[in-house]
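What the sequence shown shows, in the numbering used here, is residues 75 to 310, in sequence order.
Here the structure comes first, spelled out in structure tokens, and everything after it is commentary.
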Amino acid sequence: VSLDLLFVFVFVSIMLSPRIGRIHEFCTSKALAAFRVKQIREAIFKQKVKGYDEITGISLETRKELSDFMGGPQILSLNPTSVSKSAQAEKVLFELDKSGDQIEAVMMNFSNGKTSLCISSQSGCALACSFCATGAIGFKKQLSSDQIVDQILYFQQKGIEVDSVSFMGMGEPLANPNVFKALDILTSDDYFAMSQRRFSISTVGIIPSIQRLTKDYPQVNLAFSLHSPFPDQRNE
């Protein structure tokens, strides 16, 4: 691999994911070989380790230093605070940071053996649709690309095979530019390596983002969130 190609890959990785950017920063500060970044990345996204201290491809000392640099051994950028289960579903409440802002993700098990996730893209929502409980909360913050993909990674770390993902949780997905970064990570062979066809995005109709989605991700399923088929009722 040429140095130019390596530089492009590193730059793109940093732009996509704050976590990967921090890992690159750590490896550079310790003058570690470039392949160490790949080892760490593959441990996270391929081996699904839960902590930096579990990455066996690097020394114990480096694991400890990396954990300290990243603010702790936990890889996930959000913290699960409660779990509620039924026969076919599991809902997880995540806390984003010290602000106390929260989001939800739901895993659904179907009779055909398939597993689907419903994930959030924002904490709260600014659109305030009258039929939506999230809208009543008001807008809190945009989720980062890491916080979006980590809702999936949380379940994968538990050994769950995820067959499909719907962006139908809290927030308007196409009002958060980080959703596109998340899709880049989720469909990249270097990260989750999931097919575009396994994703569905629900929107109230953000036209510029719909145009971008259909151009960049033509195989991602698009759903429109309409609480009524009648325009007059929708406009109330």
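Think of the CB as a built atom: it goes at the ideal place given N, C-alpha and C, for glycine as much as any other residue.
- The Cβ atoms of D220 and S91 sit closer than 8 Å to each other.
- Burial is judged here by how many other beta carbons sit within 10 angstroms of a residue's own beta carbon; F109 has fewer than 16 and is exposed.
- In this structure, A161 keeps its C-beta atom at 8 Å or more from the C-beta atom of M182.
- Put simply, the backbone Cα of I114 is about 31 Å away from that of G245.
- Across the structure, I118 and N295 are spaced so that their CA atoms are roughly 27 Å apart.
- With contacts defined as CB atoms closer than 8 Å, I226 and I193 qualify as a contacting pair.
- By the criterion of a C-beta distance shorter than 6 Å, F168 is surrounded in its chain by L152, P154 and I177, once the five residues flanking it on both sides are discounted.
- When DSSP assignments are scanned along the stretch 130-182, the uninterrupted stretches of beta strand (DSSP E) that are 3 or more residues long and fall wholly within it turn out to be 153-159 and 163-169.
- G146 sits exposed, since fewer than 16 C-beta atoms from the chains shown fall within 10 Å of its C-beta.
- Contact check for G187 against G198 fails: the beta carbons are separated by 8 Å or more.
- For K255, same chain residues with a beta-carbon under 7 Å away, outside a window of 5 residues either side, are L90 and S219 in chain order.
- DSSP places C192 inside the beta strand (DSSP E), whose first and last residues are T189 to C192.
- G125: not part of any alpha helix (DSSP H); DSSP gives it neither H nor E.
- Closest in C-alpha terms to D127, from the list K138, L191 and D171, comes K138.
- Using a Cβ distance threshold of 8 Å, V239 and R272 count as a contacting pair.
- Under the three-state reduction of DSSP, A108 is assigned to coil, being neither helix nor strand.
- Contact annotation: N252 and I222 have beta-carbon atoms nearer than 8 Å.
- Here the C-alpha atom of M144 lies approximately 7 Å from the C-alpha atom of R96.
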